[in-house]
Amino acid sequence: MAKSVSEWICRYGAPKEVRVDGGAEFGKEIQEAVRREGSRIRITSPYYPELQGMVERGHKQLKEALVKMCGENGSKWKEYLLIVTWKDRISVKRTTRYSPYELQLVRRLSYQSK
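Each residue of the sequence shown is one higher than the one before, counting from 2 in this note's numbering.
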């Protein structure tokens with residue numbers, strides 16, 4: 002995972018700050034990789050997801066989409082994760098009026114879903 006973080010930073014640049022909920026997923030190795038690239042880490046309590054507001058709302062939407070696509074077979078969520086996250090990345094957000102794809106790559110998407 003730390004290698005993935007470093008590769009992402011090499012591709013897109015280091016953010017000024019990374020906020021995490023302090024859960025076990027964000028281990029010491031990843032923290033070191035983020036700090037090595039010059040980013041500040043802000044850790045909030047995993048027991049108060051409202052502190053992560055916008056991120057947690059986004060996670061809720063992703064979970065709802067996965068549940069809808071998986072139907073009765075929830076164990077197949079990994080099969081749908083890529084398409085669900087792709088659809089989220091190309092969806093225009095109310096707060097910015099752009100999709101995360103457009104903001105990250107500074108260009109419009111040439112493919113439009115039906």
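No residue lacks a Cβ here, since even glycine has one placed at the ideal position from N, Cα and C.
These numbers were taken from a predicted model, which means no experiment stands behind them.
Original post:
Buried or exposed: L67, going by 16 or more other Cβ atoms within 10 Å of its Cβ?
Top reply: Here residue 67 refers to the residue found at position 66 of the sequence shown. Around the C-beta of L67, 16 or more other C-beta atoms lie within 10 Å, and the residue is accordingly described as buried.
Subject >> Inter-residue Cα distance where the pair is G28 and Y13 >> reply: The sequence position of residue 28 within the sequence shown is 27, counting from 1. The sequence position of residue 13 within the sequence shown is 12, counting from 1. Roughly 22 Å between the two C-alpha positions.
**OP:** Measure how close the beta-carbons of L104 and T97 come, nearest whole angstrom, since I'm counting them as under 8 Å.
**Re:** Your numbering for residue 104 matches position 103 in the sequence shown. Your numbering for residue 97 matches position 96 in the sequence shown. Going by Cβ atoms, the distance from L104 to T97 rounds to 6 Å, so yes, they are a contact pair.
Original post:
Among the residues of its own chain, which have a CB less than 6 Å from the CB of I91, if the five just before and after it don't count?
Top reply: Locating residue 91 in the sequence shown gives position 90, where the first residue counts as 1. Setting aside the 5 residues that flank it on each side, I91 is surrounded in the same chain by S100, Y102 and L110, each with a C-beta closer than 6 Å to its C-beta; the list follows chain order.
Original post:
From this set, D22, G24 and E38, which residue's C-alpha is nearest V8's C-alpha?
Top reply: If you number the sequence shown from 1, residue 8 lands on position 7. The question names Val, but residue 8 is Glu in the sequence shown. In terms of CA proximity to E8, E38 leads the group D22, G24 and E38.
Original post:
Where DSSP assigns a beta bridge to V6, which residues make up the other side?
Top reply: Residue 6 sits at position 5 when you count from the first residue of the sequence shown. For V6, which the question treats as bridged, DSSP gives no partner whatsoever.
**OP:** Report the residue from V56, D22, C11 and Y81 whose alpha carbon sits nearest the alpha carbon of I44.
**Re:** On the sequence shown, position 43 is the one that residue 44 refers to. The shortest C-alpha separation from I44 is found at D22.
Original post:
Quick one: is A34 buried, meaning 16 or more other Cβ sit within 10 Å of its Cβ, or exposed?
Top reply: Residue mapping note: residue 34 aligns to position 33 of the sequence shown, counting from 1. A34 is buried by the Cβ-count criterion.
Subject >> Cross-strand partners of V56 (DSSP beta bridge) >> reply: Within the sequence shown, residue 56 is the residue found at index 55, counting from 1. Bridge pairing for V56: absent [DSSP].
**OP:** Evaluate V6 with the Cβ neighbour count: other Cβ atoms within 10 Å of its Cβ, from every protein chain shown; 16 or more gives buried, anything less gives exposed.
**Re:** Taking the first residue of the sequence shown as position 1, residue 6 is located at position 5. With 16 or more neighbouring CB atoms inside 10 Å of its own CB, V6 falls in the buried class.
**OP:** Since I believe E18 is in contact with S46 (beta carbons under 8 Å), could you give me their beta-carbon distance rounded to a whole number of angstroms?
**Re:** Numbered from its first residue, the sequence shown carries residue 46 at position 45. Numbered from its first residue, the sequence shown carries residue 18 at position 17. The beta carbons of S46 and E18 sit about 17 Å from each other, so the pair does not count as a contact at 8 Å.
Subject >> CA-to-CA distance, D89 to Q62, given in whole angstroms >> reply: Taking the sequence shown and counting its residues from 1, one reaches residue 62 at position 61. Taking the sequence shown and counting its residues from 1, one reaches residue 89 at position 88. Straight-line Cα distance between these residues: approximately 9 Å.
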